[in-house]
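Inspection log for the structure reproduced underneath, given as structure tokens.
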Amino acid sequence: MEKKSQKIIPGASFSTQNGHLLVSSGIQSLDTLLGGGIPVGTVVLIEEDFHGSYSKIILKYFLAEGIVSKHSTLIASQDVNPSNIIKELPAVIESDLEPEKVSKTTGASDKMQIAFRYQNLPTNMDSSNRNIKHIGHNYDLSKNMSLNDIENSDISYWTGQRIENGTKTYSNPAYNDLLKSIKNKIKEGKFFLKDSPEKRSILRIGVHSLGSPMWLPHRKSLHSIESTRDLDMFIFCLRALVRSAYSVAVITIPTHLYHEISLDRCIHSSDIAMRLQAFSGTELEHNQSLSEYHGFFYLTKLAAINSLSSKHPGSVEYAFKLRRKRFSIDMLHLPPDIQDDGDGRRENVPFLGCGGNTKKSLLDF
């Protein structure tokens, strides 16, 4: 990709670390975690939470950022009408209306607010990535994007049709039809690397709940071999198609419907993979240490383009939280595991040692 394309393409920027052309996911904290944004020519796989609500929010951010940046958009879904997803996109705002709360206490007391194993880590992702230039916008989830902005954008919709006869490649022809629609969109919009349009732009592809029961071939069981093969083959072909164009794809998959071996193949076929584990409906929902968050966020794969090996996302733990106006991803800082009694006083915690101490001891005779 030529360096001059940086001035031509709106909403895109070259990474200062590796020179890759990046676009924003729409979520500043996620861009920071990915090293500045999503590389153009890649496929991002999002393993949905059980109800699929949080993964859908990430997809909406991605699509909203494309519309604000004047990128072309293709949205596909068989579970819901794609036009309804576009109508629910968050509204763009000038600045963040809900900045992160900063503790009033400073100095040495800060070390007592987080677990000891996190004391040598940065308190937030922004402080550890200050050299990363943010190219995205801010959004308000409590408001919808104006219809005028949506109508003036290049948006294509794909709903698919359930056809009984399959193809040689896919048992469900919907996968093949979607690939053809994406290829035609790339060709018509001159997004291929070999094309030379007057004004270069980016094609954003969003696929909602790929591989859900609506994608199953006719009269097949939920975990059939054919449906798993279709899903893996589609991601593999989509990555080859996206890699040859100025485009980027984000797909969400209800992974709880598939076996772990099948998911490993899908993750291997993608470039970036992330997983959302919501606390709702689990024993962690009422955990006081996690009351600030709504679920765990796992970056399972962070690929390096034009490299023989993938980048390891690291061992730092992350969690996501949904506020009224925004969705964010933060480093997970757990407080010390100290329990209080009914009066709010600290309980006597057993300690190692012997002697006539008033506290309980594990080695008292």
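Each residue of the sequence shown is one higher than the last, beginning at 7 in our numbering. Beta carbons: idealized from backbone N, C-alpha and C, even for Gly.
Residues near A82 in its chain [Cβ-Cβ closer than 6 Å; skip 5 each side]: Within the same chain, Cβ atoms closer than 6 Å to the Cβ of A82 are found at W164, L184 and V213, the five residues on either side in sequence being excluded.
Whole-angstrom distance between L28 and I44, CA atom to CA atom: Roughly 5 Å separates the two Cα atoms.
Sequence-distant residues of the same chain with beta carbon closer than 6 Å to L269, five excluded per side: Correct list, in chain order: T261.
For F68, the first and last residue of its enclosing alpha helix (DSSP H): S59 to V74 is the span of the alpha helix (DSSP H), which, as asked, contains F68.
Assumed close pair W221, A180 - CB separation to whole angstroms, cut-off 8 Å: That belief holds up - the Cβ atoms of W221 and A180 are roughly 6 Å apart, short of 8 Å.
First and last residue of the uninterrupted alpha helix (DSSP H) at L305: Per DSSP, L305 is not a residue of any alpha helix (DSSP H); the beta strand (DSSP E) it occupies stretches across G301 to L308.
Three-state secondary structure (DSSP) of N24: Correct three-state label for N24: coil.
Whether I211 touches S253 by CB criterion (8 Å): With contacts defined as CB atoms closer than 8 Å, I211 and S253 qualify as a contacting pair.
Where G301 falls, given that 16 or more other Cβ within 10 Å makes a residue buried: So G301 ends up on the buried side.
8 Å contact criterion, which D155 and I241 should meet: CB distance rounded: Actually they do not touch by this definition, with Cβ atoms about 31 Å apart.
Among G42, N150, D55 and G47, nearest to T22 - alpha-carbon criterion: Checked all of G42, N150, D55 and G47; the closest Cα to T22 is G42.
Residue nearest to F68 in terms of C-alpha spacing, selected from E54, V50, H57 and Q84: Distance check between F68 and each of E54, V50, H57 and Q84 places V50 closest, using alpha-carbon atoms only.
First and last residue of the uninterrupted alpha helix (DSSP H) at Y181: P179 to E194 is the span of the alpha helix (DSSP H), which, as asked, contains Y181.
Buried versus exposed call for N190 [16 or more other C-beta atoms within 10 Å across all chains shown]: By the 10 Å Cβ count, N190 comes out exposed.
C-alpha distance - K62 paired with T258, whole-angstrom precision: Straight-line Cα distance between these residues: approximately 8 Å.
Own chain residues within Cβ distance below 7 Å of F198, not counting five before or after: Annotation for F198: I192, S250 and A251 place their beta carbon closer than 7 Å to its own, counting only its chain and skipping 5 residues before and after.
Whether Y145 touches P88 by CB criterion (8 Å): Result no, Cβ atoms of Y145 and P88 do not sit closer than 8 Å.
Buried/exposed call for E323, threshold 16 Cβ in 10 Å: Label assigned to E323: exposed.
Separation of Y60 from K282, as counted between CA atoms: Inspection of the sequence shows that residue 282 is occupied by Leu rather than by Lys. Between L282 and Y60, the C-alpha separation is close to 8 Å.
Residue nearest to I92 in terms of C-alpha spacing, selected from S159, G195 and H265: Of all alpha-carbon atoms in S159, G195 and H265, the one lying nearest the alpha-carbon of I92 is that of S159.
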